[in-house]
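Beneath this line is the structure, given in structure tokens, with notes to follow.
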Amino acid sequence: MEIFNSIFSIIKTIQFRDVVDILAIALLIFGLFKLVQETRAVQLLKGVIILIIVYFLSSLFGLVMLSSLLRTFFEAAVVVIAIIFQPEIRKALEQMGRNNTYKKYIRIFTKHRKSDDWKKAVEKSIIDAADTAVLFSRSKTGALLVFERETMLSDIAATGTIIDAETSVALFGNIFFNKAPLHDGASIIRDGKLFAAGCILPLTTNQNVDINLGTRHRAGLGISEQSDAVVLIVSEETGVISLAVNGILLREFTREALIKKLEQFLIYDRGYDDEEQSRKFFQKNPKSSNREKDDK
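Residues in the sequence shown are numbered from 64 upward in steps of one, following our numbering.
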């Protein structure tokens, strides 16, 4: 009976902020386990748990040197964890920054009205890109166009050549011509202008991506995973026109459908519903998507 009285007295001292504090810690722990699930960090986490067990055993049996060494290690654990789990932490923060659930509401308060000149330039770049994609699809010419949005890609642009020119089908044709010096890299479009060409993109880290996907598609998916960019990809092997957004590959575009989707993403900040539907479908059927031959 005394035990129940003690528990009841402790419960009475709990305030609303204590409940919020406990829930916040629980969510952080759950997020940590979800973050490291099915990654190499799981093995590292197991190693940390083993060290904690060894520390308690060494303290229990009076192993002074071992317990002192492990205590010193745990005192610097925050820095050690930040170094060890740097890729996973970065991935989690990037996912938080690209989370469309709250970004839709943030835009209401933070988005400033774009000028008519900006809109005209973006519309022109979309039409030029769509016309180029159709021509390249017919001639089986590979292309990789990155439409920059909120996330600035200056570090990616620095790996290529700065162009800063008005878009045109002729310009895209010269850049992605098979013998052109910049044809192997990606071109970045910023505010309706061709900002840079011949840029090197990071490859996707998604293990569920179809093994038949070539480097061009993997690079497009990779930059879409690490930023909010919309990436237009034309397959050199099949001529299929695709868009990569937030790590999802949307396929089989016609000219009209491509223009409409790019306008939704780049001008009207819509198109996320189709993206989320594709994400849910591909998560359930990872091998049913992205069937492509190798793209050099």
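Yeah, the Cβ is synthetic: ideal placement off N, Cα and C, and Gly gets one too. Given the structure is predicted, the values throughout are model-derived calculations rather than measurements.
Rounded to the nearest whole angstrom, the C-alpha separation of residue 247 and residue 207 is 9 Å. Beta-bridge partners of residue 305 (DSSP): 296.
Between residue 225 and residue 184 a beta carbon distance of about 18 Å is seen, past the 8 Å cut, so the two are scored as non-contacting. Under the three-state reduction of DSSP, residue 203 is assigned to coil, being neither helix nor strand. When the beta-carbon positions are compared, residue 192 and residue 295 come within less than 8 Å of each other.
In the displayed model, residue 254 falls within coil according to three-state DSSP, outside both helix and strand. When only Cα atoms are considered, residue 227 and residue 139 end up about 47 Å apart.
Note on the stretch 231-290: whole alpha helix (DSSP H) runs with a minimum of 4 residues are 232-239, 278-289, in chain order.
About 7 Å separates the beta carbons of residue 325 and residue 210, which is inside the 8 Å limit, making them a contact pair. Taking 8 Å as the cut-off, the beta carbon of residue 189 is found no closer than this to the beta carbon of residue 220.
DSSP places residue 129 inside the alpha helix (DSSP H), whose first and last residues are 127-138. Apart from sequence neighbours up to five positions away, no residue of its chain approaches residue 68 with a beta-carbon distance below 6 Å. Non-local C-beta neighbours of residue 187 in its own chain, meaning closer than 7 Å and more than five positions away in sequence, comprise 230, 255, ordered along the chain.
Within the DSSP bridge table, the entry for residue 224 names 260 as partners.
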